[in-house]
Each structure stands twice: as C-alpha cells, then as structure tokens.
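Its first residue numbered 3, the sequence shown is counted upward by one per residue in this note's numbering. Backbone N, C-alpha and C define an ideal beta-carbon position, used for all residues, glycine too. Small disclaimer: the values here were computed from a predicted structure and weren't measured. The next block holds one structure in the form of structure tokens; read it before the comments.
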Amino acid sequence: MALLQIAEPGKSTVPHQHRLAAGIDLGTTNSLVATVRSGRAETLADENGEHILPSVVRYTLDGVEVGESARQAAGEDPLNTISSAKRMIGRAAAEIGSLGSEQAYDFVSGDSAVPRIRTCAGEISAIEVSAEILKVLGRRAQDTLGGELVGAVITVPAYFDDAQRQATKDAARLAGLHVYRLLNEPTAAAVAYGLDRGADGVHAIYDLGGGTFDVSILRLNKGVFEVLATGGDTALGGDDFDVRIAHWILDQAGWVGESDRSVLRQILDQARVAKEALAGSESTRVSVALPGGRQWQGELSRDQLAALLDPLIRKTITTCRRVMRDAGISVDQIEDVVMVGGSTRTLRVRELVAEFFGREPLVDIDPDRVVAIGAAIQADVLAGNKPDDEMLLLDVNPLSLGIETMGGLTEKIIPRNTTLPVARAQEFTTFKDGQTAMAIQVVQGERELVSDCRSLARFELHGIPAMVAGAARIRVTFAVDADGLLQVEAREQTTGVSAQIEVKPSYGLSDDEIAGMLQASIEHASGDVQVRRLTEARVEAQRVIEALGTALAHDAEDLLSGEEHDQVQAALQRLIEVSAQSQDANQVEAAVKQLEEDCEFYVERRMNHGIRRAMAGHRVDEFNQEGGPKAD
Ligand code: ADP
Ligand code: MG
3 MALLQIAEPG KSTVPHQHRL AAGIDLGTTN SLVATVRSGR AETLADENGE HILPSVVRYT
63 LDGVEVGESA RQAAGEDPLN TISSAKRMIG RAAAEIGSLG SEQAYDFVSG DSAVPRIRTC
123 AGEISAIEVS AEILKVLGRR AQDTLGGELV GAVITVPAYF DDAQRQATKD AARLAGLHVY
183 RLLNEPTAAA VAYGLDRGAD GVHAIYDLGG GTFDVSILRL NKGVFEVLAT GGDTALGGDD
243 FDVRIAHWIL DQAGWVGESD RSVLRQILDQ ARVAKEALAG SESTRVSVAL PGGRQWQGEL
303 SRDQLAALLD PLIRKTITTC RRVMRDAGIS VDQIEDVVMV GGSTRTLRVR ELVAEFFGRE
363 PLVDIDPDRV VAIGAAIQAD VLAGNKPDDE MLLLDVNPLS LGIETMGGLT EKIIPRNTTL
423 PVARAQEFTT FKDGQTAMAI QVVQGERELV SDCRSLARFE LHGIPAMVAG AARIRVTFAV
483 DADGLLQVEA REQTTGVSAQ IEVKPSYGLS DDEIAGMLQA SIEHASGDVQ VRRLTEARVE
543 AQRVIEALGT ALAHDAEDLL SGEEHDQVQA ALQRLIEVSA QSQDANQVEA AVKQLEEDCE
603 FYVERRMNHG IRRAMAGHRV DEFNQEGGPK AD
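See below:
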C-alpha cells in the first residue's frame, strides 16, 4: 500500500532544506571538523581517510602546506613551519616572548599590535596561520557535504580572553567562514555527551591535549552551562610524555653523547608512536636509529610507560584538586567526568583520573573528536535545523553589567550569570530641571559603587527636550550577543532621540580577575549596602533641595509671607547640612521627611495655585460637563 503523504493544512509538504553547518575544533596540536548528517554528529575525513589535521602550516615559495606534510617538514624547515599558532593568537609580542616556547621563529621586531613572523612567503601573523587551518577544514566540509557552508561554530578554551576570541573570529573571517559563535571547548565536550539534556548538576571536563592541559568545572543550571572554575597548565601535554619516553629510550640505548636535532626529532617521533600504540596493546617494540649508524631495539610495556608518566599525570591531578577548591565543589558533587584530548587515551591517565574523582570517566566518544562533535551539534541547532525548543543557550555573562546612576552608584541591568544572548531595558529620568543631556557610564562588576567596578565605556545622550526634573523618560537598553559583545542604547521616549555604543564586556579581563571581582563583592556586601543606602538618601535629599530651590525662585513671592519664606529657607538649610555632614542614612532620610512636613503647606498652596491658574478663564461647570471626566 502506498503511503499517504501527510502534511498539516497550510504547511508545505516539501521537507525543509537542511542547512549545511560545521563545528570546528581549532586545537593547538590538532584540528578537526564535524557536522550533523542524518541526525548524527560525525567528524569528517580528508581524501586519505584522516580525520585529524595537525595544526601545522608550512610556508613555501610555491604556496602553503597544512597538516601532516607540514608537520613532517618541521624538522628540515623550522623557520617556515609554524605550529602551535593557538598559543600566540590574540597575544601581544611581549606576551609571546614570555610563553617560553622553544620554537625560535623569526619574529619581526617593531611595535605592531599583532606580532608577525618572517617566512619565505612574507610576514605572517598567528591569525593568518589559523586561517589557513580553518580554510582547509572549511573546504573539507564543503567537499564532503557538497555545498556551501552556511555557518560554523569554532571552539576556544574557556580561559580565552576577549582579544584571543576576537582574533579567532578574525581568522575565521579570513578563511571565508561565517562564525555563528565561538563555543568553549569544555562546553562543547559536555554537549557531545548530551549532558545539557540531562538533569542539572556539576561536571568536570578533563582535557589533556598535545601541549596543554585544561580542567573545567561546569554547572548545568536549567539547560545552561556555567563555568564555575577553570585551571590548567599551558606547558603540559602529550608532547611532554614523548620527551620522557625519548629520554628513557636514550637511557636504554646507553647513549650519553650529544645528539643533533634531527636524531632527537626522530626519537621523539618513535616515542610518540610507541605511546600511541600502548593505548591498544600491553607492550610495543621500539626501534630507533642513533647517531653513528647505530640501531637500538627494545620493548616498552604499559607498566613501564605508567612509571615514566606518573609524575606528569599527578601534576594534572594536583591542578584538578585546586580547581575543585576554586569552584567550591567536592569530589562527590561531581556527576560526570568527561575525557577530552588525545592524551587521555593513555590508560594510566584514565586510571589516575578515575581514582581522584572516584568514578569512571566518560570515554565513549573518541576524546580526540569530542570537542568537534559538540561544536557540530551546536552549529546544527544554530543553522536552524532543529525545532526552536531544542535551541541551546549555553553561555552566561560572567559579571553583572549596568550603568552609573546619581551618586556614583551602579544600577545593574543585566545580572551576572544571565544566559546569552540577552536584551534588557530600564527607564531612567533626568535629575535637574531643563536637563538636555545625560552621560551614560557603562560598568561591569558586582559592587554597589561604580568606583569599585570596572568602567567599560561612556557615552552621552543629547537632545533631551527640556522638562522638569523627573519628567523625561530615557530608556536604556543593554543587549549582549552570543559572543559576549555588548551594545548599549539610550533613547528618549517622547522624541525618540537616541545614542548608542558597542563595548566588549570581557575585554582584557582574565578569569582570575573575574574571580577576584566576585570575591570582593561577597566580602564587601554588607558595607556596600550601607554605602548604597547613604548615597541613595543623599541623592534623594539633593533632589528635594533642587526642587524646592526651583519652586522658591519661581513663586515664593506670590505664595509665601516673609515669615513663611524664612521658615522654609531654614528647613531647607537644615537638610543641606545634614545631607552633607551625616554618615548615617537614617538621619538623612529623617531630615528629608522633616523638610517635607515643614513645607507641606507650601506644596499644597502651590498645587491649589496651579489648579486655579489652569482653570483661569473657564467656568467651573464646563469641566463637569464636556471636557472633564464625568462625576457620576
Ligand atoms: P590539542 O587539543 O592540543 O590540539 P589533541 O587533543 O589532538 O591535541 O591531542 C594530541 C596529543 O594526543 C598528542 O600528544 C598525541 O600524541 C596524543 N595522542 C593521540 N593518540 C594517542 C594515543 N592513542 N595514546 C596516547 N596519546 C595519544
Ligand atoms: Mg584540544
């Protein structure tokens, strides 16, 4: 029997077109691209069936080589072969100098913001090197999928600052990719395991790659991952394992003399091959060519490997312990431990991690590919291939965003840990009669006083129509996009005049600084509240003083006797003094109240006077009949 094609009335029967999107893990050592096909996320292979692309770019006179062939050429052509560009991206020359990388590239001296390396193909930056890698992966995705990519999600370490994120986006743009968004690597790994679909809880992501170690503690809260703490070692990874094994090989071979660079490189390569083989077998044969035509052959066992690597692996465990402490989380609160990075294939790593966390880590998804797979899942959602209710909102803003209000106080508009993207608006008003401009200071932080927060930007709104204080309505809107870029707009509601500014909220703030600012807000919380109350009371006093001053100048002569005028003046003077001198919010508040009571008769008289003036020239019954509201 033929199947009927069923469609909802009014809806097309044509299946909606699948938009091509990819997730890219742009790694320090290796990079990968993945995509969702027929509901499954998978990494894509090159024409030789290789999924992993070494993050190495070689510049030659004939063009650019990327990947395995470049990696192999590194020994013979070190100055033109750039590896680990990720360590340099978004960094200034001075910072790179302190990275301690043994790679001696030929850096161009000068004070350009972006450091450049001299190669035979000209001067290039880390952004361009990364772009070459992204180009290859983007092309691979288009070739495999047979169409143009609509967009991509690119992963970055959780600790990447704004400059590093911006530089990564620039690299993608150079590669001709449309970036939906950047995604934190640990978040991507958690998404790959579907942890965002599970119950709320805390997860540890342990990522040991080629040259770096990262551990992140994520908390899933209503479908949103919050990074509680991150830590790691930017100079510890599989490469260091290789060095240990190479030393062991040289020891075993009884080699004591100097070895030249190419011999060492070859031994390091053999060490890596042996290490990787031990993920799948109990022992492996090692054979190396030593200087002077000597050959050495031996056997490396898993136990031997474990003994060699233990000190290094234990260093990562120490870091885990510290990060857990930073996050304020105990081991038994961790729901899952996710293994990421090629080096977690070494069984000894898994053993020590399992021992520390007291549970078996998740290893079902290939640790080399898990980040790319999570990125692909996210890209698929962002491309619109999933129903809206599956939309993932994965990032939160780390610190509150707000503006400065009278008295140097912060008014939070977007509180910390709000999911991104987000837009929030709040109305403000003028403080003075006839005020036609307003300065808007955008701040980030948890403290009550602007001076304790970080100022992000300042701009002015002009052209506010002159009105009495408090009458103008100025709507200030904060919008933060998925990458954490903030746009602030101020708009006067009656005329529509507006001004706006774009800021980068996390610019230059390291995770440590963010943690420090949070800590300070907790420590100062009660003191801050006192200061806030006093400041608010003073602002209110100031408002009353201004309003009364304006009123007196306007109509005191008509409405007050000489004696009454003196009485009001004296009350006003008292408030001015208390407000200036008292450090106690209660006193200032009481003084404001006192003034209001003392001047009540005057306020009443002004109101009556105002009404009489408004009605002048009209008959009283006119108001009761047509124009005014009916009395019945
Ligand atoms: P990165 O994130 O730094 O780009 P990867 O996650 O791709 O790096 O990890 C690369 C490291 O993983 C290399 O040091 C490599 O030797 C190591 N590695 C790959 N496969 C294995 C394996 N089977 N056993 C042990 N280590 C492995
Ligand atoms: Mg990685």
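Under the three-state DSSP convention, the category residue i falls into
i    : result
A377 : helix
D172 : helix
I54  : coil
L34  : strand
L230 : strand
G29  : coil
R327 : helix
Y604 : helix
V594 : helix
M408 : coil
R545 : helix
R535 : helix
E49  : coil
G203 : strand
M90  : coil
K317 : helix
G153 : strand
S71  : helix
T189 : helix
T421 : strand
V258 : coil
R540 : helix
A427 : strand
R371 : coil
Residue i, enclosing beta strand (DSSP E) - first and last residue
i    : result
R460 : 456-464
G300 : 297-303
T497 : First-last for T497: undefined, no H or E at that position.
A43  : 42-45
E67  : 66-68
L184 : 181-186
S289 : 285-291
Q443 : 439-446
N387 : Taken as a continuous stretch (DSSP letters only), N387 belongs to no beta strand (DSSP E), as it is neither H nor E.
M469 : No beta strand (DSSP E) contains M469, which DSSP labels as neither H nor E.
E362 : No beta strand (DSSP E) holds E362; DSSP gives it neither H nor E.
R477 : 476-482
E450 : Run containing E450: none; DSSP gives neither H nor E here.
Where the alpha helix (DSSP H) containing residue i begins and where it ends
i    : result
G564 : 564-583
F243 : 240-254
V265 : 263-279
F359 : 349-359
Residue i, buried or exposed, once every other Cβ within 10 Å from all chains shown has been counted against 16
i    : result
S264 : exposed
L384 : buried
M326 : buried
M440 : buried
D382 : buried
E406 : buried
M341 : buried
G282 : exposed
C455 : buried
D530 : buried
L63  : exposed
Q446 : buried
M609 : exposed
V258 : exposed
Supposed contact pair residue j and residue i - C-beta distance, whole angstroms, cut 8 Å
i    : j    : result
A143 : L151 : 6 Å
V155 : K171 : 12 Å between Cβ atoms; not a contact.
V478 : I442 : 7 Å
A206 : V339 : 5 Å
T37  : A24  : 5 Å
E125 : V66  : Rounded, the Cβ-Cβ distance is 14 Å, inconsistent with contact.
L550 : A501 : Wrong, their Cβ atoms sit about 32 Å apart, outside the cutoff.
R540 : G404 : At roughly 20 Å, the Cβ-Cβ gap does not stay under 8 Å, so R540 and G404 are not in contact.
N186 : V217 : Between V217 and N186 the Cβ distance is about 13 Å, and since that is not below 8 Å, they are no contact.
L220 : A192 : 6 Å
L184 : G140 : Going by Cβ atoms, the distance from L184 to G140 rounds to 15 Å, so no, they are not a contact pair.
G211 : G29  : 6 Å
Residue i at chain B interface by Cβ criterion, 8 Å
i    : result
K595 : Protein chains in the displayed structure number just one, and chain B is not present.
- request: Mind listing, in chain order, the continuous beta strand (DSSP E) runs of no fewer than 3 residues lying wholly within the region 105-149?
  value: 118-121, 124-127
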